[in-house]
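Participant:
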Amino acid sequence: MSNQILSVENLSVSFKTEDGIVRAVSGLSYSVSAGKTLAVVGESGSGKSVSSLAVMGLLSGSKVNITGEVHFDGKQLIGASPEEVRALRGEDMAMIFQDPLSALHPFYRISAQLIEAVQVHRNLSNDEAEKLAGKMLDRVGIPSVDRVLRAYPHELSGGMRQRVMIAMALINEPKLLIADEPTTALDVTVQAQILELLRNLQNDFNTAIVLITHDLGVVADMSDEVIVMYGGSAVEHAPVRELFYSPQMPYTWGLLDSIPQISGTDDRLEPIPGSPPSLINVPAGCVFAPRCIHKSEVGERCSTEYPELLSVGVDHQARCHLSTQQRNSIRPAKASP
Amino acid sequence: MSNHIIKVTGLTKHFPISAGIFRQRQTGVVRALDGVSFEVNAGETLGLVGESGCGKSTAGRTIMRLVDSTSGTIEFDGQDITHLTKRELKPLRRDMQMIFQDPFSSLNPRQTIGDIVSAPFRVQGIKPQGGVQKTVQEILQRVGLNPEHYNRYPGDFSGGQRQRIGIARAIALQPKLIVCDEPVSALDVSIQAQVLNLLEDIQQEFGIAYLFIAHDLSVVRHISDRVAVMYLGKIMELTGKQELYTGALHPYTHALMSAVPIADPDKERSRERIILKGDLPSPSNPPSGCVFSTRCPKRTDLCVQTVPELREIKPGHFLACHYPEAASTTAHRASGTDFLN
Chain A
529 MSNQILSVEN
539 LSVSFKTEDG
549 IVRAVSGLSY
559 SVSAGKTLAV
569 VGESGSGKSV
579 SSLAVMGLLS
589 GSKVNITGEV
599 HFDGKQLIGA
609 SPEEVRALRG
619 EDMAMIFQDP
629 LSALHPFYRI
639 SAQLIEAVQV
649 HRNLSNDEAE
659 KLAGKMLDRV
669 GIPSVDRVLR
679 AYPHELSGGM
689 RQRVMIAMAL
699 INEPKLLIAD
709 EPTTALDVTV
719 QAQILELLRN
729 LQNDFNTAIV
739 LITHDLGVVA
749 DMSDEVIVMY
759 GGSAVEHAPV
769 RELFYSPQMP
779 YTWGLLDSIP
789 QISGTDDRLE
799 PIPGSPPSLI
809 NVPAGCVFAP
819 RCIHKSEVGE
829 RCSTEYPELL
839 SVGVDHQARC
849 HLSTQQRNSI
859 RPAKASP
Chain U
155 MSNHIIKVTG
165 LTKHFPISAG
175 IFRQRQTGVV
185 RALDGVSFEV
195 NAGETLGLVG
205 ESGCGKSTAG
215 RTIMRLVDST
225 SGTIEFDGQD
235 ITHLTKRELK
245 PLRRDMQMIF
255 QDPFSSLNPR
265 QTIGDIVSAP
275 FRVQGIKPQG
285 GVQKTVQEIL
295 QRVGLNPEHY
305 NRYPGDFSGG
315 QRQRIGIARA
325 IALQPKLIVC
335 DEPVSALDVS
345 IQAQVLNLLE
355 DIQQEFGIAY
365 LFIAHDLSVV
375 RHISDRVAVM
385 YLGKIMELTG
395 KQELYTGALH
405 PYTHALMSAV
415 PIADPDKERS
425 RERIILKGDL
435 PSPSNPPSGC
445 VFSTRCPKRT
455 DLCVQTVPEL
465 REIKPGHFLA
475 CHYPEAASTT
485 AHRASGTDFL
495 N
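Top line first, the protein sequences correspond to chains A and U.
Start counting at 1 in the first sequence, then tack on 528, and there's your number in the working numbering.
Start counting at 1 in the second sequence, then tack on 154, and there's your number in the working numbering.
1. For L410 of chain U, decide whether its Cβ has a neighbour in chain A, counting only Cβ atoms nearer than 8 Å.
2. Using the beta-carbon of each residue, which ones in chain A are nearer than 8 Å to E397 of chain U?
3. At which residues does the beta strand (DSSP E) containing V738 of chain A begin and terminate?
4. Below 9 Å between beta carbons is the criterion; list the residues of the region 312-331 of chain U that meet it against any residue of chain A, in chain order.
5. Return the chain-ordered list of same chain residues with a C-beta closer than 7 Å to the C-beta of S542 of chain A, the five sequence neighbours on each side being excluded.
6. Going by the CB atoms, is the gap between S786 of chain A and P775 of chain A shorter than 8 Å?
7. Going along the region 202-219 of chain U in order, which residues come within less than 7 Å of chain A, judged by CB to CB distance?
8. At a Cβ cut of 9 Å, what residues of the region 742-753 of chain A count as close to chain U, listed as they run along the chain?
9. Going along chain U, which residues have a C-beta under 7 Å from R796 of chain A?
10. Just tell me which of A:T565, A:H649, A:V718 has its CA closest to the CA of L729 of chain A.
11. So, for A417 of chain U: in the same chain, excluding its five sequence neighbours on each side, which residues have a beta-carbon less than 8 Å away from its beta-carbon?
12. What is the DSSP secondary structure of P405 of chain U, reduced to helix, strand or coil?
13. Residues in the same chain with beta-carbon distance under 7 Å from T163 of chain U, minus the five sequence neighbours each way, listed in chain order, please.
14. Express the C-alpha separation of S685 of chain A and R465 of chain U in angstroms, rounding to a whole number.
15. Spatial neighbours of R847 of chain A within its chain, please: C-beta separation below 6 Å, excluding the five flanking residues on both sides.
16. Under a CB-based cut-off of 8 Å, is G678 of chain A close to chain U?
17. According to DSSP, is E463 of chain U helix, strand or coil?
18. What does R427 of chain U touch in chain A if you count any residue whose Cβ is under 9 Å from its own?
19. Looking at chain A, is there any beta carbon in it that lies within less than 8 Å of the beta carbon of E422 of chain U?
20. Which two residues bound the contiguous alpha helix (DSSP H) that contains R675 of chain A?
21. When the Cα atoms are used, what is the spatial distance from E302 of chain U to E292 of chain U?
22. Taking 8 Å as the threshold (C-beta atoms), are L327 of chain U and P274 of chain U in contact?
23. Express the C-alpha separation of A567 of chain A and E612 of chain A in angstroms, rounding to a whole number.
24. For G575 of chain A, would you say it is in contact with chain U, using Cβ-to-Cβ distances shorter than 8 Å as the test?
25. Applying a beta-carbon distance threshold of less than 7 Å, which residues of chain A neighbour V373 of chain U?
26. Residues bridged to K603 of chain A by DSSP?
27. Chain U beta carbons: is any one of them nearer than 8 Å to that of G782 of chain A?
28. Can you find at least 3 beta carbon pairs, one from the region 566-581 of chain A and one from the region 755-762 of chain A, that sit closer than 8 Å?
29. Straight-line CA distance for V445 of chain U to Q178 of chain U?
30. Under 8 Å: do the region 263-270 of chain U and the region 306-317 of chain U share three or more Cβ pairs, one atom per stretch?
31. Pick out the complete beta strand (DSSP E) segments inside the region 230-266 of chain U, 3 residues or longer, and give them in chain order.
32. From the beta carbon of S378 of chain U, is the nearest beta carbon of chain A less than 8 Å away?
33. Can you find a C-beta in chain U that's less than 8 Å from the C-beta of S535 of chain A?
34. State the Cα-Cα distance for the pair L705 of chain A and M693 of chain A, rounded to the nearest angstrom.
35. Over the uninterrupted beta strand (DSSP E) stretch that includes H376 of chain U, give me the two end residues.
36. Just to confirm the assignment, what range does the alpha helix (DSSP H) spanning A324 of chain U have?
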């Protein structure tokens, strides 16, 4: 496709540690197109953040091993020189983080940080850059722009800081925005404001968004396509409605049944037993098998053979040894309302 | 009602703000709690929900007498405990326990699980039948941990398991009340559900009352019998959970509920939402009149001038708003039905 902004193929990331090699991400593939949002959902340690840091070229050092391909706008980023990646980062691809207080520099005024973000990539004078910064702050819904420009990060509230981060990320109108848990540190009413803002900005700039989150409500709200990650791999990949109304993988079922719904009934929650796996010395077989309540229906294979990510519907893939028949009888697709 | 385990009346906590390096002088106060009244009945769960800085955690800590209140009274099991000394409080502590948000900082890393969970027995000088170790191992088993973990250290456990250790410590003496301060917000969703189920089971088994403090409305809705919504140190609305989620009358409650994203794309995208403008005002300089008036979509002059008192407008339904009826006629209510059913 011509409007495909980012495509990731077979991305693997491992870290050397004292305890052994941590396989943080194994064989992840996806792509995002302009104006679309891909949500990457998973629990802590599932590899969702590490994979996007690798895409942004923010992982380096002798202890990290990254393999696979990341094509951004036609350019291969894995193996590209740091200078090449740096030229793209902040201009064509940008990232916002969970905690804006630690992502903003505490000693510089907001104006200085925004101006720097512009001048690194564009040949603008201080005045022009500051004007642009003011315009962008206004665009992200900051009420008293002049005051905020002169402020230091600690003088702003959490919601304001996140707006400043978004302004900084979008000031060069990037084609791709990676948002790593952008609203997790915020209160719900502020979260609603920020999500609304991201949606509006995406419409205006036609940005492709990779949204990393653990909150299935945010996924339902924002995304076009969803990847569910567990233990470093994608275990299900589907269009958003498919994922919620016809999920095909026991881990996704478990996630959906674990969340108390504000609109739900008072049914008892059905948690996934056990706890997430260690990614050191990953055993053979399916990573989810130790916690899977359906593995007896398959038998031996779950603990001996690593399931492939196979097509289970239109644009829908799942990593599971259960047969289609078994899946349909365990969890028939919800008729969409 | 007579069967309340805790009754709080007009509870106020003001934290002083000081300035100056050599001579500290007080320049103002943070009104963390401003006249909060509620009661928790034996064996029930009262949810206390609100955004950060609304005073919900301060409420929990003040009730536990971990911080002293500025004014107001706290009655525990029929006894006024507002001004009891530490020594006088000690025997009561066996009936009131607390579970904390952060399972990493609330457990001493140098103590074994056995030491941690048997601490209540040691402190209170209680010798259970069959010995402390056996009792503690039974409790560990009850919260879903392996009794053989008795001699291990918190560092060996994951977040969810640590929270189970915290729960084991809290239920060791079978208290009448547990104040749960954000007990699941540090946990992943699949683990969160395990801990919520455990808390429900324990309540059923031992008849413990919970004051469940959380910012997550879905979680509070799931576990509570009644819910109090707090904003800037005050209770805005307090009612049974069914009533709150189907017939809420406070504009802030509406906004809070409509802000929670629903894990269902069709419902999520078709519902109407109220997006509040602005941020929470500072509790050191709260707005005059109704504290919510600066962000309220229905504000009038009356709201800016006069503080709406929390009053019982229906049996069991308390509300602090000048315009309770107006809420039911808004578009939100009409379109809200589809996400509330």
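We treat Cβ as the ideally placed atom computed from N, Cα and C, and that holds for glycine.
All of these numbers come straight from a predicted model, not from anything done at the bench.
Facilitator: On the basis of the data shown:
1. The residue given as residue 410 of chain U occupies position 256 in the second sequence. It does; some Cβ of chain A falls within 8 Å.
2. The residue given as residue 397 of chain U occupies position 243 in the second sequence. The premise fails here: E397 of chain U is roughly 14 Å from chain A at the closest Cβ pair, so nothing lies under 8 Å.
3. Translated into the one-based positions of the first sequence, residue 738 of chain A becomes position 210. 736-741 is the extent of the beta strand (DSSP E) around V738 of chain A.
4. S312, G313, G314, Q315
5. On the first sequence, residue 542 of chain A is found 14 positions in, with the first residue counted as 1. Only I549, V550, R551, A552, N593 meet the Cβ criterion.
6. Looking up residue 775 of chain A in the first sequence gives position 247. Looking up residue 786 of chain A in the first sequence gives position 258. Going by C-beta atoms, P775 of chain A is not nearer than 8 Å to S786 of chain A.
7. E205, S206
8. H742, D743, L744, G745, V746, V747, A748, D749, M750, S751
9. In the first sequence, counting from the first residue as 1, residue 796 of chain A sits at position 268. Ordered by position in chain U, the residues that pass the 7 Å Cβ test against R796 of chain A are N351.
10. For the purposes of this step, residue 729 of chain A is taken as residue 201 along the first sequence, with counting starting at 1. Ranking the options by Cα distance to L729 of chain A, first place goes to A:T565.
11. Looking up residue 417 of chain U in the second sequence gives position 263. No residues qualify anywhere along the chain.
12. Within the second sequence, the letter at position 251 stands for residue 405 of chain U. Here P405 of chain U sits in helix by DSSP.
13. Mapped onto the second sequence, residue 163 of chain U falls at position 9. If we look at T163 of chain U and ignore the five residues flanking it on each side, its Cβ neighbours are S191, G226, T227.
14. Translated into positions along the second sequence, residue 465 of chain U becomes position 311. Translated into positions along the first sequence, residue 685 of chain A becomes position 157. Roughly 32 Å between the two C-alpha positions.
15. Here residue 847 of chain A refers to the residue found at position 319 when the first sequence is read from its first residue. For R847 of chain A, where only same-chain residues beyond five positions count, the Cβ hits under 6 Å are V763, P835, L837.
16. Position 150 of the first sequence, counted from the first residue, corresponds to residue 678 of chain A. It should be pointed out that residue 678 of chain A corresponds to Arg in this sequence rather than to Gly. It does not: the Cβ of R678 of chain A has no partner Cβ on chain U nearer than 8 Å.
17. For the purposes of this step, residue 463 of chain U is identified with residue 309 of the second sequence, where counting begins at 1. The answer is coil: DSSP assigns E463 of chain U none of H, G, I, E or B.
18. What you label residue 427 of chain U is simply residue 273 of the second sequence in a count that begins at 1. Under the 9 Å cutoff, chain A gives A720, E724.
19. Reading the second sequence from its first residue, position 268 is the one you call residue 422 of chain U. Judged by the 8 Å Cβ criterion, E422 of chain U is in contact with chain A.
20. Residue numbering aside, residue 675 of chain A sits at position 147 when the first sequence is read from its first letter. Segment 673-678, the alpha helix (DSSP H) holding R675 of chain A.
21. Start at 1 with the first residue of the second sequence, and residue 302 of chain U comes out as number 148. Start at 1 with the first residue of the second sequence, and residue 292 of chain U comes out as number 138. Rounded to whole angstroms, E302 of chain U to E292 of chain U spans 11 Å at the Cα level.
22. As a position in the second sequence, residue 274 of chain U is number 120, starting the count at 1. As a position in the second sequence, residue 327 of chain U is number 173, starting the count at 1. Yes.
23. Numbered from 1 along the first sequence, position 84 holds the residue referred to as residue 612 of chain A. Numbered from 1 along the first sequence, position 39 holds the residue referred to as residue 567 of chain A. Taking the straight line from one Cα to the other gives about 27 Å.
24. Stepping through the first sequence from its first residue, residue 575 of chain A is reached at position 47. Not one chain U Cβ lies under 8 Å of G575 of chain A.
25. The residue you call residue 373 of chain U lines up with position 219 of the second sequence. Within 7 Å Cβ-Cβ: P788.
26. By one-based count along the first sequence, residue 603 of chain A stands at place 75. Beta-bridge pairing links K603 of chain A to A:F600.
27. What you label residue 782 of chain A is simply residue 254 of the first sequence in a count that begins at 1. True, the Cβ-Cβ gap to chain U drops below 8 Å.
28. yes
29. The count along the second sequence starts at 1 and reaches residue 445 of chain U at position 291. The count along the second sequence starts at 1 and reaches residue 178 of chain U at position 24. If you take the alpha carbons of V445 of chain U and Q178 of chain U, they lie about 29 Å apart.
30. yes
31. 250-253
32. As a position in the second sequence, residue 378 of chain U is number 224, starting the count at 1. Chain A contact via Cβ: absent.
33. Walking along the first sequence from the start, residue 535 of chain A turns up at place 7. S535 of chain A does not count as touching chain U.
34. Within the first sequence, residue 705 of chain A is the residue found at index 177, counting from 1. Within the first sequence, residue 693 of chain A is the residue found at index 165, counting from 1. About 12 Å.
35. Walking along the second sequence from the start, residue 376 of chain U turns up at place 222. Unbroken run through H376 of chain U is the alpha helix (DSSP H), 371-377; no beta strand (DSSP E).
36. Here residue 324 of chain U refers to the residue found at position 170 when the second sequence is read from its first residue. Residues 313-325.
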